[in-house]
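Read through the structure below, which is laid out as structure tokens, and then see the notes.
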Amino acid sequence: NTANSNKTYFNMSNGTQTAKDYHWGAPMKDVAFKYDVDKGYTDHLYKGIMAINDDQAIKITELHMMSNINVILTTSTGSDAVQLRTGDGTTTPYQCATVQLTRLYSNAQVDMGIGLVTPSGTLADSETMTAPTDYYKTNGTETNPFTWAVVPQPLYRGDQQTDYVGITITTPDNNQYYVIKDLSTIIPTSVGSSQNQTTSEAITRWYPNHQYTYTFKITKKGIENITCTLADWSVVEAGNKDINLED
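Under the numbering used here, think of the first position of the sequence shown as 27, with each following residue one higher.
If you want it as structure tokens, here you go:
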């Protein structure tokens, strides 16, 4: 992570999930971590002075600071099915679908004291997600996830809230496009143990330490169904005997 000269924040940027897994950690006073869009994890931080003996350790709770976005493509088995990949991989090279996120922030700063993520810079018109190496889950009708790590951010912006994060899916058969300009209206089918999201509310923001898996069923008629599930990543605790905490 790259901190500024005063070491008050570090920078994050979008990219592959393996390369862009930024972490942040601090001593927490509870295990119900709810991220606040204005204060980060302030309400859950331990405050005060801890007496450290030789056999004691401060428990540092370490969290993933990016949002992992996964996209699965499915199609029907009937006459309206879309080819999600063409070619045979030998005599004819594979041509795969592409998935792009549109109108999103690519960079952010993380406050090192409270874990608050603030998007920075200009909006990117689009970013292409990583296609799965093992492409099909169910041969011809369902892909494994396309993946991308994204800085946590709201899915709509502006005074009138009319500037949205969207998605564009391009299939290899006849260059068909499936465009969703606004992802902020999708209601999740499950939320795991998330403290920030319920199944009764649309996903209007991507939060730190969360993985979002969107499944799109596309046919020649268009997009027939969209679902999303989300889960929080695992929390890692580490011990450190060299830190004193003061108000």
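Cβ coordinates follow ideal geometry from the N, Cα and C atoms, glycine included. Quantities reported herein were computed from a predicted structural model and do not represent experimental measurements.
- Item | For G139: DSSP bridge partner residues | Locating residue 139 in the sequence shown gives position 113, counting from the first residue. BP columns for G139 are empty, so no partner.
- Query: V97 bridges to which residues according to DSSP?
  - Reply: Numbered from 1 along the sequence shown, position 71 holds the residue referred to as residue 97. Looking at the DSSP assignment, V97 forms a beta bridge with F172 and Y240.
- For T224, the three-state DSSP class (helix, strand or coil): Sequence index remark: in the sequence shown, residue 224 carries index 198 (1-based). In this structure, T224 counts as coil in the three-state DSSP scheme.
- Message: So M138 and Y35 are supposed to be a Cβ contact under 8 Å. How far apart are they, rounded?
- Response: As a position in the sequence shown, residue 138 is number 112, starting the count at 1. As a position in the sequence shown, residue 35 is number 9, starting the count at 1. M138 to Y35, Cβ: 6 Å. Contact.
- Give me whichever residues DSSP pairs with T112 in a beta bridge. For the purposes of this step, residue 112 is taken as residue 86 along the sequence shown, with counting starting at 1. Q121.
- Status (buried if at least 16 other CB within 10 Å, exposed otherwise) for I249: Mapped onto the sequence shown, residue 249 falls at position 223. Label assigned to I249: exposed.
- Message: Quick check on DSSP: helix, strand or coil for D69?
- Response: Counted from its first residue, the sequence shown places residue 69 at position 43. Here D69 sits in helix by DSSP.
- Item | Helix, strand or coil at K247 [DSSP, three-state] | In the sequence shown, the residue the question calls residue 247 occupies position 221. K247 falls in the coil class under three-state DSSP.
- Any chance the stretch 206-213 sits against the stretch 56-72, with 3 or more Cβ pairs inside 8 Å? No contact exists between the stretch 206-213 and the stretch 56-72.
- Query: Grouping DSSP H, G and I as helix and E and B as strand, with all else coil, what is M92?
  - Reply: As a first step, residue 92 must be located in the sequence shown, where it is residue number 66. M92: coil per DSSP, three-state reduction.
- Task: Return helix, strand or coil for I229, following the three-state DSSP convention.
- Result: By 1-based counting over the sequence shown, the position of residue 229 is 203. Coil, per DSSP.
- Query: Who are the Cβ neighbours of G113 in its own chain at under 6 Å, not counting the five residues just before and after it?
  - Reply: Along the sequence shown, one-based indexing puts residue 113 at 87. Excluding positions up to five away in sequence, the list reads P119, Y120 and Q121.
- Are T215 and T255 close, meaning C-beta to C-beta below 7 Å? Within the sequence shown, residue 215 is the residue found at index 189, counting from 1. Within the sequence shown, residue 255 is the residue found at index 229, counting from 1. A contact, by the Cβ cut-off of 7 Å.
- Roughly how many angstroms separate the alpha carbons of Y204 and Q109, rounded to a whole number? Position 178 of the sequence shown holds residue 204. Position 83 of the sequence shown holds residue 109. About 13 Å.
- Message: Using the three-state DSSP reduction, which class does S219 fall into: helix, strand or coil?
- Response: Position 193 of the sequence shown, counting from 1, holds the residue named residue 219. Of the three classes helix, strand and coil, the one that applies to S219 here is coil, per DSSP.
- For T44, which option in V136, V125 and W174 has the closest C-alpha, if you only look at C-alpha atoms? Along the sequence shown, read from residue 1 onward, the residue named residue 44 stands at position 18. When C-alpha distances from T44 are compared across V136, V125 and W174, the shortest belongs to W174.
- Query: If you follow the beta strand (DSSP E) that G184 is part of, which residue opens it and which one closes it?
  - Reply: Position 158 of the sequence shown holds residue 184. Taken as a continuous stretch (DSSP letters only), G184 belongs to no beta strand (DSSP E), as it is neither H nor E.
- Query: Under a Cβ-count criterion, where at least 16 other Cβ atoms within 10 Å of its own Cβ denotes burial, should N201 be classed as buried or exposed?
  - Reply: For the purposes of this step, residue 201 is identified with residue 175 of the sequence shown, where counting begins at 1. Exposed.
- Message: Bridge partners for W9 per DSSP, in chain order?
- Response: Given that the chain is displayed from residue 27 to residue 273, the structure contains no residue 9 and the question cannot be resolved.
- Message: Please report the distance separating the alpha-carbon of I206 from that of I193.
- Response: The residue labelled residue 206 in the question sits at position 180 within the sequence shown. The residue labelled residue 193 in the question sits at position 167 within the sequence shown. When rounded, the distance between both Cα atoms is 5 Å.
- Where the beta strand (DSSP E) containing V205 begins and where it ends: To locate residue 205, count along the sequence shown from 1; it is residue 179. Element bounds for V205: Y203 to I206.
- Message: With distance defined between alpha-carbon atoms, name the residue in Y238, V97 and S219 nearest to A157.
- Response: The residue labelled residue 157 in the question sits at position 131 within the sequence shown. Out of Y238, V97 and S219, V97 has the C-alpha closest to the C-alpha of A157.
- Message: Could you pull the DSSP bridge partners for Y162 from this structure?
- Response: On the sequence shown, position 136 is the one that residue 162 refers to. Paired residue(s): T169.
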